[in-house]
Amino acid sequence: MAQKPTKSPNPTKRSTSDPRRSMNLERVLETLRVDGPSSQAGLARRTGLSAATINAIVRDLKDQGAAEIRPLNGREGVVTLIAGSGLFIAVEIAERSIHGVVYSFDRRLRVSDEVHDDSDLEAALRLIRSLVSKVGAELAEVDGIAIAMQAPVEKATGAITSWCNSRMPGWAGVPLRESFQSALGVHVIVDNDANLAALAEWTWGVGRGVDDFLYVRSSGGVGGGLVIDGSIYRGGNGMAGDMGHVALEGTGEVCYCGSRGCLTTLVSERAIVNAVRTSPGAKRTLSEVIVAARKGDAACQRVLAEAGDYLGRALANAAKVMAPSVIAVGGELGGAGPLVFDGLLSSIELSNIRAGSSSPQFVPGILGPDAALLGAVAAILTESGKGMSELEPWMTDSRLAMVPFPAALAV
Ligand SMILES: [Zn+2]
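Take the sequence shown: its letter number 142 is residue 142 in the UniProt record's numbering, and every next letter is one higher.
Given below as structure tokens:
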């Protein structure tokens, strides 16, 4: 079957033919995406561009509807990137379920749908088509799709890494991007879910304005993403920052990756639920363990504190190698607060991380369960040459309470 033509992902870049101008525009966009709204003087300072150049770029962005000037303290306005239009789809693919969300920026509308007990290409394509029809649109109107895989995606093959094949058999050997693009005729981005969650926390969450940021996502599975020198770092094989398979216990359980005692075997949902199996009252999910611990269940409290300790040990080792300024824990364990963070911070303390120069800050992620989906939106916006300096309330599931911004938990 001939591949359908895909829409150009990058209208803003395409409209700029002068390479120097295009580079300057990219610098301004990057600053507004990563650091948030800024005055024109601030933009000139941070990009090193002249006031006249900044003025011309901001005028163009305003004319295209990609930015607006918002007043600040009744004085100088700040330039804010806005996504006033576009129809984007974010899809999160797990072992046995698929969650998709369509974001209509024209209508400020978020519609979601889920598939349970099924996870393969056909199920994902059905979900995407159903989401498009739910908002009364056609596939041809979709401006971008981003897929968040709950598995590392290999750079060389574009498929999930082979040691995840038995965990996600429906996706074994599937060249992800090409398969979605040829079936849908829409530009598709594929990335690991934790990489995308890291991108969201870096763009709109606890990592904003930080050039060196490590994020670990711990819920059903355990993954991570890494920002080095102001960009997501994927490494040679595309899997850098994946904290889930850092080996901590030489005599621990064998992991599905083939190693032994990985962080995944110690703090994933399966490991935690399994650890409390003999305590009264069956717990089937990590959420149930967290709720029971909050109500005073001593066994659940113990297991979560131990999970914090393991996370702390893994993160302390990573911090010594990479020296990030901020380390965030997302996913359900990040949202468990002191139940996990007390154990985490005491194992960080024991690791004597203060021996390095400045200590990193350890913080919970603030974007909640939507983090990977929002990262998918951030990835599409970036590839489209667009951006949003501020997350808008309609973009998150109103049923999910956002974690309040925490005081930084420095050690
Ligand atoms: Zn492993």
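No residue lacks a Cβ here, since even glycine has one placed at the ideal position from N, Cα and C.
Taking C-alpha positions only, Pro152 is separated from Ala52 by approximately 44 Å. Excluding the 5 residues flanking it on each side, Ser259 has same chain C-beta neighbours closer than 7 Å at His245 and Ala247, in chain order. Set against 7 Å, the gap from the CB of Cys164 to the closest heavy atom of ligand 1 is not smaller.
Rounded to the nearest whole angstrom, the C-alpha separation of Gly385 and Leu49 is 19 Å. Shown in chain order are the residues whose CB sits closer than 6 Å to a heavy atom of ligand 1: His245, Cys255, Cys257, Ser259, Cys262 and Thr264. Bridge pairing for Ile160: Val153 [DSSP].
For Ser104, the secondary structure class from DSSP, reduced to helix, strand or coil, is strand.
Close CB contacts of Val58 within its chain, under the 8 Å cut and outside five residues either way in sequence, are with Val28, Gln40, Leu43, Ala67, Ile69 and Val79 (chain order). Contact check between the region 295-314 and the region 332-351: three or more CB pairs, one atom from each, fall below 8 Å, which counts as touching. Out of Trp394, Ser85, Ser389 and Ile380, the CA that lies nearest to the CA of Val91 is found in Ile380. The shortest CA-to-CA distance from Met388 to any of Ala56, Arg46 and Phe105 is the one to Phe105. Using a C-beta cut-off of 8 Å, the region 184-194 makes contact with the region 130-142, since at least three inter-stretch Cβ pairs fall below that distance. Within a 10 Å sphere around the beta-carbon of Met239 sit 16 or more other beta-carbons, which makes this residue buried. Straight-line spacing of the CA atoms in Leu373 and Gly209 works out to 21 Å. Put simply, of Thr382, Pro324, Leu391 and Leu199 the residue whose alpha carbon is nearest the alpha carbon of Gly330 is Leu199.
In this chain, the alpha helix (DSSP H) harbouring Gly334 covers Gly331 to Gly334.
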